[in-house]
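Oh and the sequence shown: position 138 is 138 in the UniProt record's numbering, straight run, nothing missing.
C-beta atoms are modelled at their ideal positions from N, C-alpha and C, and glycine is treated no differently.
In this text, all values refer to a predicted model and were calculated from it rather than measured experimentally.
What follows is one structure encoded as structure tokens, with my remarks underneath.
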Amino acid sequence: MVRIIGFFVGLGFVGVLLISLVVNGVDYFRNPPEHAAYYYFHKDPREAELPSDGMAGKFDRQQLQRGFQVYKEVCAACHSLKYVSFYQLADLGYSEAEVKAIANQWAIEVPSVNPDTGEAATRKALVSDRFPSPYANETAARAANNNAYPPDLSLITEARHDGANYVYSLLTGYVDQAGYKNSEGKELLKEFPDAATPPGLYFNPYFANLNIAMPAPIVSDGQVTYADGTKATKDQMAKDVAAFLVWTAEPTLENRHRTGWAVIIFLLIATVLAYLAYRNIWANAKREVGAHGPLDPDYRERMDEQKAERGIAG
Ligand code: HEC
Numbered sequence: 001m002v003r004i005i006g007f008f009v010g011l012g013f014v015g016v017l018l019i020s021l022v023v024n025g026v027d028y029f030r031n032p033p034e035h036a037a038y039y040y041f042h043k044d045p046r047e048a049e050l051p052s053d054g055m056a057g058k059f060d061r062q063q064l065q066r067g068f069q070v071y072k073e074v075c076a077a078c079h080s081l082k083y084v085s086f087y088q089l090a091d092l093g094y095s096e097a098e099v100k101a102i103a104n105q106w107a108i109e110v111p112s113v114n115p116d117t118g119e120a121a122t123r124k125a126l127v128s129d130r131f132p133s134p135y136a137n138e139t140a141a142r143a144a145n146n147n148a149y150p151p152d153l154s155l156i157t158e159a160r161h162d163g164a165n166y167v168y169s170l171l172t173g174y175v176d177q178a179g180y181k182n183s184e185g186k187e188l189l190k191e192f193p194d195a196a197t198p199p200g201l202y203f204n205p206y207f208a209n210l211n212i213a214m215p216a217p218i219v220s221d222g223q224v225t226y227a228d229g230t231k232a233t234k235d236q237m238a239k240d241v242a243a244f245l246v247w248t249a250e251p252t253l254e255n256r257h258r259t260g261w262a263v264i265i266f267l268l269i270a271t272v273l274a275y276l277a278y279r280n281i282w283a284n285a286k287r288e289v290g291a292h293g294p295l296d297p298d299y300r301e302r303m304d305e306q307k308a309e310r311g312i313a314g
């Protein structure tokens with residue numbers, strides 16, 4: 001009896017689940033879920049085509065220096081670079097004296113303690129220091145940026161999908177929202193009148209939700225004056241700072257590429273050696289292997305002859 005009741009209770013549950021599946025399934029197809037504006041109007045990054053791209057990619061030291069200059073003169077006002085130390089700049093081709101001067105003249109000072117009073121103070125950066133942050137902490141950073149937090153840029157090209165291309169596209173991607181159309185020719189504000197960028201945010205189709213709290217940092221050609229004479233167009237500055245941020249995220253990228261090649265070449269040689277060893281080991285073995293015992297054709301022939309002699313059939 002208990003079994004039968006149990007069976008019907010179970011059947012009841014299965015029935016309810018089935019009904020719910022059918023009802024919701026029908027509803028899903030009748031009223032498909034609606035996507036928000038970013039689903040149709042978000043853009044994938046454009047190619048920055050940096051020299052460090054690809055398996056054989058290398059840094060262009062001149063470009064890294066230019067990118068560093070853009071960081072220093074534009075981005076450092078809001079973004080920290082807390083995993084990078086001044087001494088690492090030597091890797092970009094600066095001399096020891098130049099690195100010292102850069103640290104010494106850095107606009108933001110490093111927090112320290114006044115040795116006479118024990119009170120909090122600041123001092124000039126040393127070569128061994130990491131880049132000092134523009135804000136004391138996240139609260140101060142948000143307070144100064146309309147409650148948005150400018151993330152640390154040290155690892156940003158690793159932290160975002162398609163990092164360097166993303167940074168490059170984001171910096172050059174600010175456009176007027178009025179009349180903005182996607183690649184299918186649909187106009188954003190006509191399709192989604194409610195998606196107008198709220199005050200305090202800026203329209204940028206490369207940003208995940210289309211509205212970013214960072215005002216366009218690179219606004220005009222010649223915003224920085226490059227020491228190497230390269231023309232500082234907006235596109236060039238965005239590319240250079242993206243290249244620099246690839247370096248900050250992975251200063252040893254060239255080493256990794258070199259090691260990768262060495263490993264591939266080693267594996268190729270090892271494969272050839274393994275194949276030759278295989279041929280060598282089996283060469284004799286194949287020649288020597290033959291049928292013995294009952295399977296040996298000679299042996300069978302002998303047996304057949306003996307049987308015939310003795311007059312045994314089969
Ligand atoms: C006036 C301050 C300010 C300056 C100058 C500035 N940024 Fe920003 N940045 C911000 C703020 C605020 C955010 C956070 C935006 C958000 O979350 O909506 C941000 C976010 C970003 C992001 C992350 C976007 C994401 O996907 O989360 C990147 C990358 C970035 N900035 C790069 C730069 C670079 C490169 C420069 C220099 C060329 C620069 N920023 C200059 C304030 C600034």
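- Within the same chain, and ignoring the five residues on either side of H257 in sequence, the residues whose Cβ sits closer than 7 Å to its Cβ are M55, A56 and G57.
- Relative to the non-hydrogen atoms of the ligand HEC, the Cβ of I218 comes within a distance shorter than 7 Å of at least one.
- In the three-state reduction of the DSSP assignment, E187 falls in the strand class.
- Proximity of the beta carbon of H35 to the ligand HEC is not indicated: no heavy atom of the ligand is located closer than 7 Å.
- The residues Y206, in chain order, have a CB closer than 6 Å to that of L170 in the same chain once the five nearest residues on each side in sequence are set aside.
- N165 has its CB no nearer than 7 Å to any heavy atom of the ligand HEC.
- Contact between L89 and F68 is confirmed by a C-beta separation of about 7 Å, below the 8 Å threshold.
- In this structure, R160 has its beta carbon less than 7 Å from a heavy atom of the ligand HEC.
- Straight across, the Cα-Cα distance linking T271 with A213 is about 54 Å.
- The nearest non-hydrogen atom of the ligand HEC is 7 Å or more from the C-beta of N137.
- It is roughly 37 Å from the alpha-carbon of R300 to the alpha-carbon of L276.
- For V74, the CB falls within less than 7 Å of some heavy atom of the ligand HEC.
- Not one heavy atom of the ligand HEC lies closer than 7 Å to the C-beta of I108.
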